[in-house]
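J.: Heads up, my numbering is the position in the sequence shown plus 7, with the first residue counted as 1.
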Amino acid sequence: MAALWLLFPSTRSYAQDNVQKIKSLEVRGNKRIEEPAIRGRLTLKVGDPYTSESIRTQIRVIYEMGFFEDVQIEAERVAGGVAVTFVVREKPFITEIVFDGNENLSDDKLQEKMTIRSQSFLDQPQAKESAEKIRLAYQEDGYYGAQVIPIIQTLEEDRKRLTFFIKEGDRAKVKTVIFDGMKAVRKKELFKIMATREWIFLISK
């Protein structure tokens, strides 16, 4: 209860000379990101006044590093001030990326479309963006009904696999290509220029 009370002190209830000072600062819960790297981003120092505004600012700074999905604060009254501990939980660390269900597009081709990489912390917007880029790659190849779903799978406590489950669907097939408004160029020449294959999808009215 003391920690919760200290986290949000009332500025109206305290005179300026009664504001608690930061006695110590610690970080707990980090695994891959070293504590000095986190503390180096903090602007709050030992001896600074302990206020709810300053704590909220530090929490925001830690989130902005991009490595953490949760940041909590523990504050305890001690002799001479307040002991502050930032309790962090890192984002899942992606150790490998695999594709499941891609029969017609190779892993290498799909990797080229990715914005997220293995050996990095999970960035959900990037994972969703990569899934969309994979879907568009299929669309470019004629698979207009392709579906792509990114799933995180736990390998070990600190190792995760990002799997893109793919349902390719059927490939659209060209049956008729209609040229309209031709004057100087013959249809035969247009087909030669286009190098149209049997399975290239074209829209015609």
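For each residue, glycine too, the CB sits at the ideal point set by N, CA and C.
Figure out for me which residue from Pro-132, Gly-152, Leu-143 and Glu-97 has the closest Cα to the Cα of Glu-164.
T.: Glu-97
J.: Put Arg-67 into one of helix, strand or coil per three-state DSSP.
T.: helix
J.: I'd like to check one pair, Ile-29 with Gly-88: are the Cβ atoms closer than 9 Å?
T.: yes
J.: Within the same chain, show all residues whose beta-carbon is closer than 7 Å to that of Val-105, passing over the 5 residues directly before and after it, in chain order.
T.: Arg-168 and Thr-170
J.: Which term fits Ile-45, buried or exposed, when burial requires 16 or more other beta carbons within 10 angstroms of its beta carbon?
T.: buried
J.: Evaluate Val-39 with the Cβ neighbour count: other Cβ atoms within 10 Å of its Cβ, from every protein chain shown; 16 or more gives buried, anything less gives exposed.
T.: Note that residue 39 corresponds to Arg in the displayed sequence, not to Val. Classification of Arg-39: exposed, given that the 10 Å Cβ count is below 16.
J.: Glu-81 by DSSP, collapsed to three states: which one?
T.: Residue state, collapsed to three classes: strand.
J.: Could you check what DSSP says for Val-107 in three-state terms: helix, strand or coil?
T.: For clarity, residue 107 is Asp in the given sequence; the question names Val instead. Looking at Asp-107 - three-state DSSP - the assignment turns out to be strand.
J.: What's the C-alpha gap between Thr-79 and Asp-55?
T.: Note that residue 79 corresponds to Gln in the displayed sequence, not to Thr. About 19 Å.
J.: With Gln-126 as the anchor, note down where its alpha helix (DSSP H) starts and where it stops.
T.: Careful: Gln-126 lies outside any alpha helix (DSSP H) and carries neither H nor E.
J.: Does DSSP classify Leu-32 as helix, strand or coil?
T.: strand
J.: Taking the C-alpha atoms as reference points, what is the distance between Ser-113 and Tyr-57?
T.: 56 Å
J.: Locate the alpha helix (DSSP H) running through Pro-43, then write down its first and last residues.
T.: 42-46
J.: With DSSP as the reference, please indicate the residues paired to Lys-98 in a beta bridge.
T.: DSSP lists no partner for Lys-98.
J.: Tell me whether the beta-carbon of Asn-111 lies closer than 9 Å to the beta-carbon of Asp-148.
T.: yes
J.: With H, G and I counted as helix, E and B as strand and the rest as coil, what does DSSP make of Leu-169?
T.: strand
J.: Does the distance from the C-beta atom of Ile-156 to that of Leu-129 stay below 9 Å?
T.: The answer is no: Cβ separation not under 9 Å.
J.: Is the beta carbon of Ser-137 closer than 9 Å to that of Ala-90?
T.: no
J.: Which residues mark the beginning and the end of the beta strand (DSSP E) in which Glu-3 is found?
T.: The requested residue 3 does not occur in the structure, where the chain is confined to residues 8 to 212.
J.: Does Gln-65 pass the burial test, meaning 16 or more other C-beta atoms within 10 Å, or should it be called exposed?
T.: Buried, since its Cβ has 16 or more Cβ neighbours within 10 Å.
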